[in-house]
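Report on the following structure.
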Amino acid sequence: AQLDTLDIVVLAALLLGTVAYFTKGTHWGITKDPYATTYGNVNGAKAGKTRNIVKKMEESNKNCVIFYGSQTGTAEDYASRLAKEGKSRYGLETMVADLEEYDYENLDTLGEDKVVVFVLATYGEGEPTDNAVDFYEFIISEDASFSQTADPPLEKLKFVAFGLGNNTYEHYNSMVRNVTKALEKMGATRIGEAGEGDDGAGTMEEDFLAWKDPMWTQLAEKMNLEEREAVYEPVFGFIERENLTRDSPEVYVGEPNKNHLEGTQKGPYNAHNPYIAPIAESREIFTVKDRNCLHMEIDISSSNLSYQTGDHIAIWPTNPGREVDRFLKVTGLLPKRDTVVSVKALDPTAKVPFPTPTTYDAVVRYHMEICAPVSRQMVATIAPFAPTESARAEMVKLGGDKDYFHDKISNKYYNIAQALESVEPSSSWSAIPISAFVEGVPKIQPRYYSISSSSLVQKNKISITAVVESMNIPGRPEVLKGVTTNYLLALKQMQHGDQQPDPHGLTYEITGPRNKYDGIHVPVHIRHSNFKLPSDPSKPIIMIGPGTGVAPFRAFVQERAAQAKAGQTIGRTLLFFGCRKSTEDFLYKPEWEIYKKDLGDSFELITAFSREGKDKVYVQHRLMEKKDEVNELLKQKAYFYVCGDAANMAREVNTVLGKILAEGRGVSEAKAEEIVKGMRAANQYQEDVW
Ligand code: FAD
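All the letters of the sequence shown, read from the start, carry residue numbers 1103 to 1792 under the working numbering.
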């Protein structure tokens, strides 16, 4: 087979990785000095902060470290909850650790009285999360280089593992599976089952809860721990600062970090440091009244940010005023919303998840995911602090009874304040320590969007295509509103002259902390992806992108149109797009015609409208209708791309492609499945799904 550019890039990267690994020189079996790699400044660790986990545990008297590999914050949240429970129920001295912040070379020297817990999310196509990439590479290369004849290097290591995955992806929970396998092969002892949570089935939280109890029993037995009555102990202390007001210059009122507080934002911009970007342009691209889809142009020209076609942009949201108010009211903090507090971790290994001094309002508005689903464990934890005896009993019942909890809370999509309101609306829940909320409510997360512009065409302006989340839930009084997309909608309304934007009764602090987002700005960072056009534009491509799944394909087609205009030869460019009706949600309808003028016959847009004819037609049906050409193009090594809905569409497209190949090449469906897998492995089949 011929190697194309992409293959060469991949090979080169692998080779570099191997060289880097062998030159690193420290690996299990060789390093025996536990203090060898300490006080490093590797991976952006702060000066003076050790990367040596063995040392850190010794110094802080810990016997249990809970590492997390987290992308959207759930794994991190589970890690904190395990730490908390281990301490309060079993007296374990626990600490939570970001995999990115420590080295792992000396885990083989960890004492036998200690235990390591791994909470590992699998991201995308079986990949590690960004903060677990180095760890994963290390473990896998250790495993590969370990010879069965040598003494297993990890014989002393005891570990516990839980994975977060999504069964709609092919490599379901591959992180936890591969890490567990590698650790066991190298002699480590697993305690309890390696748990697996399934986001695809919507059972993540319950999978976690069902896994952890038997695990604790086994861990307690292995480590001789006595179970005791769990008493809540706060992780964070809140100190009210009477001499400061929200206008004092050192007080954070939503600024993400010190640079931002001091008024001069500075790069590098990344997941810890957003760029406050001007929104150059925004418009509505649905033609119906009751649903919204936003097209926005985000200007990065005054930053040092750059992107490549196919990358993602992360938008940092702000919570809506209504939910901020509700939260503050329910927790009794409303009169103190602007009170300044310094927050301190009461345990030296815990990290305050936002900068302080700050105000209660800012914490709730900018840092906590207060609109997110409620965890049943959190309900059980805060039950003792309920305002009345009957509320306490109800909380205990909700915390202990999975079905009851689903019926009363989850099925209504209540957030934490709504849940508390529903249990006891007339008294304040002010006895709950604020620390319990900071521990139990996830940290707010940026949301990713597939960039819908080409970096070749507009290198300083990033387009996004975002459908505004709005769901009617039976039994729930209010419509469920997506946090980020409604914030973006408000920004768009503001830009179009509405001084008090109010998408569906929600208001936002639209000008940001200290009005720093005034003039329509939004905090962003960029995440590079592997979802890429072939570098040779004459290669054919097939793109499947219904709904907002079309976003990166607008970028791809825009790029190819510009290349055609510049005289380059463009390969066949097939785009399958689907939506409800050609008159309602046909995204970028007029633009495709313009691109068609530049691309001529090489470009074909194939549409599927699900609510126009008597039968529902989806992109996968259209794909089947085009089977001969699709098969032919794939023989010519066309790249095949799928973007959008992971749960149904992407799966069905995969199945249909298998059928097309089976028919077209006269092979069995099992064999065709193998071919599709091979295409994925060779990056000929790329997905950008969510
Ligand atoms: P959220 O507030 O995050 O809510 C989202 C959903 O979570 C709700 O619809 C609901 O199902 C659930 N939920 C929220 N609150 C609760 C609750 N209290 N109880 C139970 N369930 C709840 N989207 C696009 O429109 N365009 C794109 O190009 C795009 N690209 C993406 C690329 C990637 C790599 C990824 C990962 C995602 C992409 N998305 C895209 C999705 C996007 O990131 C957001 O998830 C989406 O816009 C919703 O964000 P939101 O903050 O408005 O909604």
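Think of the CB as a built atom: it goes at the ideal place given N, C-alpha and C, for glycine as much as any other residue. All values derive from a computational prediction rather than experimental measurement.
Check your understanding: Heavy atom of the ligand FAD less than 7 angstroms from the Cβ of Thr1567, yes or no?
Key -> yes
Check your understanding: Alpha carbon to alpha carbon, what distance is there between Trp1418 and Tyr1334?
Key -> When the Cα atoms are used, Tyr1334 and Trp1418 turn out to be separated by approximately 32 angstroms.
**Study point:** Cβ-Cβ separation, Thr1196 to Lys1158 (assumed contact under 8 angstroms), whole Å
**Key:** Wrong, their Cβ atoms sit about 13 angstroms apart, outside the cutoff.
Check your understanding: Where Thr1133 and Ala1296 are concerned, what is the direct C-alpha to C-alpha distance, given to the nearest angstrom?
Key -> With a pLDDT of 41 at Thr1133, under the threshold of 50, the modelled position of this residue cannot be trusted; read the value that follows with caution. So the alpha carbons of these two residues sit roughly 28 angstroms apart.
Review point. Should the segment 1213 to 1225 be called in touch with the segment 1243 to 1252, which here means at least 3 C-beta pairs below 8 angstroms?
Key: no
Practice item. Report the rounded CA-to-CA distance for Pro1459 versus Phe1338, giving the unit in angstroms. Key: 13 angstroms
Check your understanding: What does DSSP give as the partner residues of Asn1375 in its beta bridges?
Key -> Asn1372
**Study point:** Burial state of Ser1404 (16 or more Cβ within 10 Å)
**Key:** exposed
Check your understanding: Which full runs of the alpha helix (DSSP H) of 4+ residues lie inside the segment 1407 to 1469, going along the chain?
Key -> Complete alpha helix (DSSP H) runs here, min 4: 1423 to 1432.
Review point. Between Arg1682 and the ligand FAD, is the CB less than 7 angstroms from at least one heavy atom?
Key: no
Check your understanding: Would the C-beta of Trp1418 count as close to the ligand GTP, meaning under 7 angstroms from any of its heavy atoms?
Key -> The ligand GTP is not part of the structure shown, which contains the ligand FAD as its ligands.
Review point. In the structure shown, what three-state DSSP assignment does Gly1607 receive?
Key: helix
Check your understanding: Which residues does DSSP pair with Lys1583 in a beta bridge?
Key -> Ser1572
Exercise for review: Determine, using beta carbons only, whether Thr1490 and Glu1526 come nearer to each other than 8 angstroms.
Suggested key: yes
Check your understanding: Do the CB positions of Asp1790 and Phe1633 come within less than 8 angstroms of each other?
Key -> yes
Review point. Can the beta-carbon of Val1543 be found closer than 8 angstroms to that of Ile1518?
Key: yes
Review point. If you run the structure through DSSP and keep just helix, strand and coil, what is Lys1691?
Key: helix
**Study point:** For Val1769, the first and last residue of its enclosing alpha helix (DSSP H)
**Key:** Counting along the chain, no alpha helix (DSSP H) covers Val1769, and no H or E run does either.
Practice item. Identify, in the order they occur along the chain, each residue of the same chain with its Cβ nearer than 7 angstroms to the Cβ of Gly1188, setting aside the five sequence neighbours on each side. Key: Cys1166, Leu1194, Thr1196
Practice item. Just tell me which of Gly1599, Asp1604, His1598, Glu1580 has its CA closest to the CA of Asn1588. Key: Cα-wise, what sits closest to Asn1588 is Asp1604.
**Study point:** Check: Ala1749 C-beta below 7 angstroms from any heavy atom of the ligand FAD
**Key:** no
Practice item. Closer than 8 angstroms by C-beta to Val1476: which residues in its own chain qualify, once you throw out the five before and the five after it? Chain order, please. Key: Excluding sequence positions up to five before and after Val1476, its CB lies within less than 8 angstroms of the CB of Ile1511, Ser1512, Tyr1516, Asn1517, Ile1518, Ala1521, all in the same chain and listed in chain order.
Check your understanding: Going by Cα to Cα distance, which pick from Phe1388, Tyr1743, Ala1312 is closest to Leu1725?
Key -> When each option's Cα is compared against that of Leu1725, the closest is Tyr1743.
Check your understanding: Terminal residues of the continuous beta strand (DSSP E) containing Gln1788?
Key -> Per DSSP, Gln1788 belongs to the beta strand (DSSP E) from 1787 to 1791.
Check your understanding: Taking buried to mean at least 16 other C-beta atoms within 10 Å of its own C-beta, is Arg1713 buried or exposed?
Key -> Counting every other CB atom within 10 Å of its CB across the protein chains shown gives Arg1713 a total below 16, marking it as exposed.
Check your understanding: Roughly how many angstroms separate the alpha carbons of Ala1263 and Val1221, rounded to a whole number?
Key -> 6 angstroms
Check your understanding: Does the segment 1555 to 1569 come close enough to the segment 1658 to 1665 to have 3 or more Cβ pairs within less than 8 angstroms?
Key -> yes
**Study point:** Backbone CA spacing between Lys1698 and Ala1382 [nearest angstrom]
**Key:** 26 angstroms
Point to revise | Nearest to Lys1265 (by Cα), restricted to the options Gln1597, Gly1768, Gly1614, Asn1280 | key: Correcting the residue identity first, residue 1265 is Gly in this sequence and not Lys. Of Gln1597, Gly1768, Gly1614, Asn1280, the residue nearest in Cα terms is Asn1280.
Check your understanding: So the alpha helix (DSSP H) Ala1495 belongs to, where does it begin and stop?
Key -> 1491 to 1502
Review point. Under the criterion of a Cβ to heavy atom distance below 7 angstroms, does Pro1475 qualify as lining the ligand FAD?
Key: yes
Check your understanding: Of all the options Val1570, Thr1586, Asp1509, which has the alpha carbon lying nearest to the alpha carbon of Gln1547?
Key -> Thr1586
**Study point:** Asn1394 vs Val1570 beta-carbon contact at 8 angstroms
**Key:** yes
Practice item. Spatial neighbours of Met1645 within its chain, please: CB distance less than 6 angstroms, with the 5 preceding and 5 following residues excluded, ordered by chain position. Key: Phe1655, Leu1677, Tyr1743
Exercise for review: Leaving aside the five residues before and after Ala1749 along the sequence, list all residues of the same chain whose C-beta is less than 7 angstroms from its C-beta, in chain order.
Suggested key: Thr1270, Gly1302
Check your understanding: For Arg1393, is the beta carbon positioned less than 7 angstroms from some heavy atom of the ligand FAD?
Key -> no
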